[in-house]
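In what follows, a single structure is set out as structure tokens and then discussed.
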Ligand SMILES: Nc1ncnc2c1ncn2[C@@H]1O[C@H](COP(=O)(O)OP(=O)(O)O)[C@@H](O)[C@H]1O
Ligand SMILES: [Mg+2]
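Numbering (this note's numbering), first residue to last: 169 to 542.
Below you can see the structure in the form of structure tokens.
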């Protein structure tokens, strides 16, 4: 798929901008703090109806303004789809084909993006939340059902945690209701966990050949889904539910003591393993970066397999974080198949050689010009 046009109004430091993109590589060049990442953030938000760097929608509205709007046109094999989003004091509005989408799960998925920023190099050694968020974002784009299931899970989890606190403070004493909440939670948790296990198995399968190529066959990359018990992609839902029920039973006392839910996918993690060792603990920084790169590139293939369309790729200042060899792998992997948006202060030598006729945009203080020489 392809983003052909993007229009911004009162978004971050853009008062107003209209940009037309090309199918290949689009480059945003500029000094620090000019608005390059803001452009990628707008594209990301157009895809996922939320920012990748703030939870607070108000941050997206240009200072002194009341409403931010972004709109764009997505071209896929079925045709063009106009998308738009706006944020104001009365909330967020999402539209597909000019029609309001009251449920974000029907909005997300029209435009698929993969974002690669320097922080993503932390995928391997960062906290478990980083990897859980990664799964939720990537799987959610490919799988509308997963979005609904994980939202359902979060809702019941919140309710159950509140109830555990009320029980502890003796505002409530209804054990039966806790049991009902636990059963509902197990129902939702099993679906989320199985979807995650399947996603990770598919991702590992797509990542291995890429990693093989980058490391010239030196490293075997595997992903291990870590939960309180073993969940395999071919586990049955019944088996997962039974294991969850047993785990809840075992933790019952602890949960009452700590007044919070101690079992479930909100505590999952992914182990990234190279040659049978956890690369977060034993890998060099170079190995960790290569693993992150392989996983990101694998997502491109996986999204294509799942949706029949390549996602668009957003590269925020990553080329400068990678050595020439890794830059080469990245650029060769996207060449001629993935529409790419990348930001940089200037293009590296490798990038100049490997990117075919990039469309260059110069970004300065919230103004974009696209007629500048490369
Ligand atoms: N809501 C906002 N309204 C106006 N300007 C903003 C807003 N949020 C951020 N900015 C400005 O945007 C600039 C940062 O843009 P960014 O895209 O992160 O820069 P870079 O080009 O380094 O990637 C800063 O100058 C910051 O002050
Ligand atoms: Mg930036």
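Glycine residues also receive a C-beta, built at the ideal position from the N, C-alpha and C atoms.
When C-alpha distances from residue 235 are compared across 205, 245, 287, 177, the shortest belongs to 177.
For residue 273, the closest alpha carbon among the candidates 282, 242, 319 is that of 319. For residue 231, the Cβ falls inside the 7 Å cut-off from some heavy atom of ligand 1. Three or more pairs of CB atoms, one per stretch, sit closer than 8 Å, so the region 501 to 509 contacts the region 471 to 489. Beta-bridge partners of residue 478 (DSSP): none assigned.
Proximity annotation: ligand 2 has residues 204, 205, 484, 485, 511 in chain order, each selected because its CB is closer than 7 Å to a heavy atom of the ligand. Rounded to the nearest whole angstrom, the CA to CA distance from residue 512 to residue 195 is 8 Å. Runs of the beta strand (DSSP E) spanning 3 or more residues and lying entirely within the region 377 to 443 occur at 389 to 394, 437 to 442, in chain order.
Assigned with DSSP and collapsed to three states, residue 313 falls in helix.
Secondary structure in the region 500 to 532: the beta strand (DSSP E) runs of 3 residues or longer, each lying completely within the stretch, are 508 to 512, 527 to 532 in chain order. The beta carbons of residue 240 and residue 214 sit about 5 Å from each other, so the pair counts as a contact at 8 Å.
Per DSSP, reduced to three states, the secondary structure at residue 262 is strand.
Here the alpha carbon of residue 291 sits roughly 13 Å from the alpha carbon of residue 306. For residue 186, no alpha helix (DSSP H) segment is defined; the enclosing uninterrupted segment is the beta strand (DSSP E) at 182 to 188. Placement of the Cβ of residue 536 at a distance of 7 Å or more from every heavy atom of ligand 1 is found. Distances taken from the Cβ of residue 200 to the heavy atoms of ligand 1 include one shorter than 7 Å.
Only buried fits residue 189, as 16 or more other CB atoms lie within 10 angstroms of its CB. When the alpha-carbon of residue 533 is set against those of 182, 295, 169, 256, the nearest one is in 182. Residue range 204 to 216 is occupied by the alpha helix (DSSP H) that includes residue 209. Under the three-state reduction of DSSP output, residue 483 falls in the strand class. A Cβ-Cβ contact shorter than 8 Å links residue 393 with residue 365.
For residue 268 and residue 262, the gap between their C-alpha atoms comes out near 6 Å. Between residue 350 and residue 416, the gap from beta carbon to beta carbon is short of 8 Å. With a 10 Å radius around the Cβ and a threshold of 16 neighbouring Cβ atoms, residue 222 comes out exposed. Rounded to the nearest angstrom, the Cβ distance from residue 333 to residue 427 is 5 Å, consistent with a contact under 8 Å.
By the neighbour-count definition (other C-beta atoms within 10 Å, threshold 16), residue 379 is a buried residue.
With a threshold of 7 Å, the Cβ atom of residue 530 does not count as near ligand 1, since no heavy atom of the ligand is closer than that. For residue 324, the CB contacts under 7 Å within the same chain, skipping 5 residues up- and downstream, are 349, 352, 353, 356 in chain order.
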